[in-house]
Amino acid sequence: MKTANIICLSAVFLPVAMAWAQAIQSNSASSYPGLAEIEVKKVLPGSSLKQVSSGSVTLLPGLFKDRRDITKGYLGRLSSRNLLQNHLLEAGVRIDDPSERLHQGWEAPHYQLRGHFLGHWMSAAAHFGKIDNDAVLMARAGEVVNDLERCQHLNGGQWVGSIPEKYFGMLEDGKAVWSPQYTVHKTLMGLLDVYRYLGNPRALEVLEKSSVWFDRWTSRLIDEGNGEVIYSGECAGMLELWADLYGLTGDKRYLELSRRYGMPDLFKGLLEGEDPLSNDHTNASIPWIQGAARLYEVTGDERYRQIVVLFWKKAVEERGMYATTGNNAGEFWVPPHQFGRFLGNRTQEHCTVYNMIRVADYLYRWTGYSGYADYIERALYNGILAQQNPQTGLVAYFLPLEPGSRKGWGSETKDFWCCHGTLVQAQAMFEDLIYYRTEDGLSISQFIPSRAEWEIGGKQVIVSQKLDTSGSRSNFESEDDTTSWVVTLDIESQATDSWVLRVRQPWWAIDVGTVCLDGQLVDTPLSDNGHLELGIAGANKRVVISFRKRVVEEPLPGDPSRLALLDGPVVLAARSNEEPVICDGLYMHPRYEHIYKDGRDWQSEHYLLSTKTGTVAIAPLYEIVDEPYSVYMRKSPSND
Numbered sequence: 257m258k259t260a261n262i263i264c265l266s267a268v269f270l271p272v273a274m275a276w277a278q279a280i281q282s283n284s285a286s287s288y289p290g291l292a293e294i295e296v297k298k299v300l301p302g303s304s305l306k307q308v309s310s311g312s313v314t315l316l317p318g319l320f321k322d323r324r325d326i327t328k329g330y331l332g333r334l335s336s337r338n339l340l341q342n343h344l345l346e347a348g349v350r351i352d353d354p355s356e357r358l359h360q361g362w363e364a365p366h367y368q369l370r371g372h373f374l375g376h377w378m379s380a381a382a383h384f385g386k387i388d389n390d391a392v393l394m395a396r397a398g399e400v401v402n403d404l405e406r407c408q409h410l411n412g413g414q415w416v417g418s419i420p421e422k423y424f425g426m427l428e429d430g431k432a433v434w435s436p437q438y439t440v441h442k443t444l445m446g447l448l449d450v451y452r453y454l455g456n457p458r459a460l461e462v463l464e465k466s467s468v469w470f471d472r473w474t475s476r477l478i479d480e481g482n483g484e485v486i487y488s489g490e491c492a493g494m495l496e497l498w499a500d501l502y503g504l505t506g507d508k509r510y511l512e513l514s515r516r517y518g519m520p521d522l523f524k525g526l527l528e529g530e531d532p533l534s535n536d537h538t539n540a541s542i543p544w545i546q547g548a549a550r551l552y553e554v555t556g557d558e559r560y561r562q563i564v565v566l567f568w569k570k571a572v573e574e575r576g577m578y579a580t581t582g583n584n585a586g587e588f589w590v591p592p593h594q595f596g597r598f599l600g601n602r603t604q605e606h607c608t609v610y611n612m613i614r615v616a617d618y619l620y621r622w623t624g625y626s627g628y629a630d631y632i633e634r635a636l637y638n639g640i641l642a643q644q645n646p647q648t649g650l651v652a653y654f655l656p657l658e659p660g661s662r663k664g665w666g667s668e669t670k671d672f673w674c675c676h677g678t679l680v681q682a683q684a685m686f687e688d689l690i691y692y693r694t695e696d697g698l699s700i701s702q703f704i705p706s707r708a709e710w711e712i713g714g715k716q717v718i719v720s721q722k723l724d725t726s727g728s729r730s731n732f733e734s735e736d737d738t739t740s741w742v743v744t745l746d747i748e749s750q751a752t753d754s755w756v757l758r759v760r761q762p763w764w765a766i767d768v769g770t771v772c773l774d775g776q777l778v779d780t781p782l783s784d785n786g787h788l789e790l791g792i793a794g795a796n797k798r799v800v801i802s803f804r805k806r807v808v809e810e811p812l813p814g815d816p817s818r819l820a821l822l823d824g825p826v827v828l829a830a831r832s833n834e835e836p837v838i839c840d841g842l843y844m845h846p847r848y849e850h851i852y853k854d855g856r857d858w859q860s861e862h863y864l865l866s867t868k869t870g871t872v873a874i875a876p877l878y879e880i881v882d883e884p885y886s887v888y889m890r891k892s893p894s895n896d
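Per the numbering used here, residue 257 is the first one in the sequence shown, and the count goes up by one each step.
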């Protein structure tokens, strides 16, 4: 109670220790909160969430804003002509620029996947333009749509792809061709997002004309008894696209296209209780699940909800994962609990992190269950941020997890991997993952400095969120090994009706968060769905919540002799070119620095770890740039 009183009096920090003894605490894999089977969960208050609308949430200064702003700057530096180069060439438009001035890598004119990145750029530009009310990005997205409309006209009125139509004929003939449906889907997705976020009617017109081509192609394949071709060429994104279009327009033609893409072998295997994932291509399968989720939302067909639930069980609950949330190596699913066998330099493809976050978000919105938001939080820190260079903003295709790894960064214009595309989209989705409307109030899913505006009973409510992760280390003599995250919510309200504020209780917190309302400690119940629930009435309020944490171990599934260290949701990495070996009884100490400019003297989530070969520095994985590092460490008995 003394600690709680200090929180209330200061309304900011929780005093904790400097001296650590045996700081690493055991945390078995089973202690990570399993994502419960949602088909047996009751629908509880706070379920059926709706995202606070795009443009009503803005990021405040902090880690996430820094990362998204550097990505937005990258988008702005890419010229529209180069982004469109392959669409223009396919439409017969002459480009006289020397090759060194064109985009290269997967965007080079001789690559079969050329043109895929433009769609990702359009989606991200539309999102940034909407959220930031950025007139330049919105205008550029509109100009790109106009150029695509021109290309479509030159191609005969329907085709708007960056690749030849004959690639689809090669697909039918069983000839080797690199994912033509994947490539064209990105352009169509970009058009959809420009319409969805910016309300550009031309984008929808181009998309509708292009859909006629796919309607005719898929209809012919089915009539010829060759319908299985529809499911080839890494085409899973098409299902979500058609379901989205049906939801937006109500046009039954898109519902029919959804039906044609709506039952791949993956779905059949899941419904039959099989594991269709192990050793299958990870990023070819996850977008299928996003399509199933969206099809459930627009049709209410419970089969598709069941498919999503079964997928999550097979992909996460029954399989396990690396501490970073990755569960693939070399782009393929790791078999259940065999991650020790696949610890290498091609683990965790960035695209899969982005797409798994999107699946978890569907499940969180349907259930209000905090476990899905916990997963998203871990994936954001240890995938989206860890695989982005904090200096250049560019992406690491894989996140190597073998000892002594180094991240391999892409370039601005010479690579354009698939992960370049999901990089720019991932950094544009932070605002959509924080706040959710419920029937009786607001649910806060992620602890990211931000500001949200919405209405209750027609009256404006504004919530500003601040996060202090410094750990509040002020008691230099205590042996307490805990630190804390402190979330401060300033509420400005014109609403006369009372409402419920729900804040996620994170899996990593040692105990239930301590809550102060306007400086007074309040007893805050924890819901069955894992959220602190607090009634809000009246005008301006300040809510301060402190979550205590400590560094914990998480064994590597399939190799219990190896473990990762987590500080809250953040995976820690040893700055080392060899695998650290730690023993029972060894110590981990926080790192201190006196920094006069702001008075801070402790580096959050930075430690010194004693090992059998000496002391190594430990830092958040998302801070590692070019130096060698080791996420997994070997645990050896003291007498080794």
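Every residue gets a Cβ at the ideal spot worked out from N, C-alpha and C, and that includes glycine. Remember, predicted model here, so these are calculated numbers, not experimental data.
Anyone know if the C-beta pair for residue i and residue j falls short of 9 Å?
| i | j | result |
| --- | --- | --- |
| V401 | M378 | yes |
| H441 | M494 | yes |
| S726 | K805 | no |
| E668 | R333 | yes |
| Y888 | A873 | no |
| V313 | I387 | yes |
| V881 | Q643 | no |
| A499 | S514 | yes |
| I376 | G677 | Reading off the sequence shown, one finds His at residue 376, where the question assumed Ile. The answer is yes: Cβ separation under 9 Å. |
| L319 | L679 | no |
| R516 | I486 | yes |
| L331 | A380 | yes |
Between which two residues does the beta strand (DSSP E) carrying residue i extend?
| i | result |
| --- | --- |
| T770 | T770 to L773 |
| E809 | V807 to L812 |
| R758 | W755 to R760 |
| Q721 | K715 to D724 |
| H676 | No beta strand (DSSP E) holds H676; the alpha helix (DSSP H) holding it covers C674 to Q683. |
| V485 | Unbroken run through V485: none, as it is neither H nor E. |
| R575 | Note, R575: premise wrong, no beta strand (DSSP E); not H, not E. |
| Q644 | It is not in any beta strand (DSSP E) - Q644 carries neither H nor E in the DSSP assignment. |
| L823 | In the sequence as presented, Leu is not what sits at residue 823; that position holds Asp. Segment D815 to D823, the beta strand (DSSP E) holding D823. |
| G870 | G870 to P876 |
| I838 | V837 to C839 |
Which of helix, strand or coil does DSSP assign to residue i?
| i | result |
| --- | --- |
| Y863 | strand |
| R890 | strand |
| M844 | strand |
| P317 | coil |
| A273 | Because the pLDDT at A273 is just 23, under 50, the model does not fix this residue reliably, and the value given afterwards should be weighed accordingly. In this structure, A273 counts as strand in the three-state DSSP scheme. |
| G600 | coil |
| K422 | helix |
| S749 | strand |
| D353 | coil |
| N283 | Because N283 carries a pLDDT of 37, less than 50, the predicted location of this residue cannot be relied on, and the following value inherits that uncertainty. If DSSP states are grouped into helix, strand and coil, N283 belongs with coil. |
| F703 | coil |
| A652 | strand |
| P659 | coil |
| H787 | strand |
| W710 | strand |
| K442 | helix |
| W858 | Only weak support is given to the placement of W858: the predicted model assigns it a pLDDT of 48, under 50, and the value that follows is read from those uncertain coordinates. Correct three-state label for W858: strand. |
| K897 | Nothing about residue 897 can be read from this structure; the chain reaches only from 257 to 896. |
| L305 | coil |
| K797 | strand |
I think residue i touches residue j, with their Cβ atoms under 8 Å apart; what is that distance to the nearest whole Å?
| i | j | result |
| --- | --- | --- |
| E363 | I419 | The Cβ separation is near 12 Å, so there is no contact. |
| R602 | P884 | Actually they are not in contact, since the Cβ atoms of R602 and P884 sit about 16 Å apart, beyond 8 Å. |
| L773 | K797 | 7 Å |
| N539 | T581 | In fact, because the Cβ distance is near 14 Å, the residues do not count as touching under 8 Å. |
| P876 | P317 | Between P317 and P876 the Cβ distance is about 18 Å, and since that is not below 8 Å, they are no contact. |
| S466 | V416 | 5 Å |
Following the continuous alpha helix (DSSP H) through residue i, name the residue where it begins and the one where it ends.
| i | result |
| --- | --- |
| I478 | P457 to D479 |
| G375 | H372 to D388 |
| R559 | E558 to W568 |
| A391 | A391 to L410 |
| R693 | It is not in any alpha helix (DSSP H) - R693 instead sits in the beta strand (DSSP E) that spans Y691 to T694. |
Following a CB-centred definition, is residue i positioned closer than 8 Å to any heavy atom of the ligand FAD?
| i | result |
| --- | --- |
| V837 | Although the ligand FAD was asked about, the structure shown includes no ligands whatsoever. |
**OP:** Check whether the region 540 to 556 touches the region 603 to 618, counting contact only when three or more Cβ pairs, one atom from each stretch, lie closer than 8 Å.
**Re:** yes
**OP:** Inspect the CB distances between the region 711 to 719 and the region 758 to 767 and report whether three or more fall short of 8 Å.
**Re:** no
Original post:
Can we say the region 523 to 534 touches the region 467 to 486, given the rule of at least three CB pairs closer than 8 Å?
Top reply: no
**OP:** Pair every Cβ in the region 776 to 789 with every Cβ in the region 563 to 583, then say whether three or more of these pairs are closer than 8 Å.
**Re:** no
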